[in-house]
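In UniProt numbering, the protein residues as written are 1 to 222.
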Amino acid sequence: MTAWIVLPVSLSAFSITGIWIVYAMAVMNHHVCPVENWSYNVTCIEELPRPGFPKSCCTIQDIPLISKCGSYPPESCLFSLIGNVGAFMVVMVCFLRYAQVIEHSHRCWVNTSALVSGCTNAIGLVMVGNFQVDHAKSLHYVGAGVAFPAGLLFVCLQCVLTYRLAVTALDYWMAHFRVALALGAMISLVFSLPAGLVFPSSGAALGSPDHGQTGSHSCLCF
């Protein structure tokens, strides 16, 4: 069972690397603006694309949100692939963890609930990856609304299971570490919700003193 530790590590490496590649492709194809850009306009004059250079004029529609980066081909193809492969790997991790817990203890409702929440997270990831926000907004948001809370619930339940199964000092340190990760995920999710609600629809420069929404831009992008 020890060799399977490579799977969750591979899931993280694959997902993070893939999302950054999708972002880079979207910037180079002028579908979004670079994340370091803080100035957005109401409208832009049509400009000739310069190969190898990002857009020089940006509107609110060009903010490099993860969903926005994966909206148009060719990067949308990679975005869907990441969602599908990532969801499959999530299901594998969930079943392996479920079996590992059963090996060390009797069946319990916490372990079963963790399995269900993890698989629910995978379903949400498939929806997010295959229904792009600019073409199937409702389904995309339903998928996101399923994936993120279900994933957070899975992590929290794993914290409970880790404490229940802990025997050595290392086991308890691992449980503490998982709690820290769960808190980080929860804080990120909570802060992203108001950022999306207060994010402006006007075209003022996000970095200007009279705008006051720099924090919202940061939360939404990261």
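Idealized CB from N, CA, C, for every residue including glycine. Keep in mind it's a predicted model, so treat the numbers as computed, not measured.
> Along the chain, where does the alpha helix (DSSP H) that runs through Leu78 open and close?
Replying inline: Its alpha helix (DSSP H) spans residues 75–104.
> In whole angstroms, what is the alpha-carbon distance linking Gly143 and Gly70?
Replying inline: 15 angstroms
> Using a Cβ-Cβ cut-off of 8 angstroms (strictly less than) and excluding sequence neighbours within five positions of Ser10, which residues of its own chain qualify?
Replying inline: Cβ contact annotation for Ser10 (same chain, cutoff 8 angstroms, sequence separation greater than five): Met89, in chain order.
> Is Ala136 near the ligand NAP, going by C-beta to nearest heavy atom under 7 angstroms?
Replying inline: This structure lacks the ligand NAP; in fact it carries no ligand of any kind.
> Straight-line CA distance for Met92 to His31?
Replying inline: Approximately 34 angstroms, taken between the alpha carbons.
> What's the gap between the Cα of Ala136 and the Cα of Asn111?
Replying inline: 34 angstroms
>> Between Ala13, Ile60, Pro64, which has its C-alpha nearest Asn29's C-alpha?
In response: Pro64
> How about Asn130: is its C-beta nearer than 8 angstroms to some C-beta of chain D?
Replying inline: In the structure shown, chain D does not exist; there is a single protein chain.
> Which residues mark the beginning and the end of the alpha helix (DSSP H) in which Phe131 is found?
Replying inline: No alpha helix (DSSP H) holds Phe131; DSSP gives it neither H nor E.
> Three or more beta-carbon pairs under 8 angstroms between the stretch 157–172 and the stretch 105–119, yes or no?
Replying inline: Three or more Cβ pairs drawn from the stretch 157–172 and the stretch 105–119 lie within less than 8 angstroms of each other, which places the two stretches in contact.
>> Taking only three categories from DSSP, how would you classify Asn41?
In response: strand
> In or out: Ala87 buried (at least 16 other Cβ within 10 Å) or exposed?
Replying inline: buried
>> What does the Cβ neighbour count give for His140, buried or exposed, with the cut at 16 atoms within 10 Å?
In response: In the assembly as shown, His140 is a buried residue. Its beta-carbon has 16 or more other beta-carbons within 10 Å.
> Who does Thr59 pair with in a DSSP beta bridge?
Replying inline: In the DSSP output, where bridge partners are listed per residue, Thr59 has Asn41.
> Going by Cα to Cα distance, which pick from Leu189, Gln61, Val6 is closest to Val133?
Replying inline: Of Leu189, Gln61, Val6, the smallest CA-CA separation from Val133 is found for Gln61.
> Is there contact between the stretch 19–26 and the stretch 69–83, where contact requires at least three CB pairs shorter than 8 angstroms?
Replying inline: Judged by Cβ distances under 8 angstroms, the stretch 19–26 makes contact with the stretch 69–83, as three or more pairs qualify.
>> Given this structure, state the Cα-to-Cα distance separating Asn84 from Leu152, to the nearest angstrom.
In response: 19 angstroms
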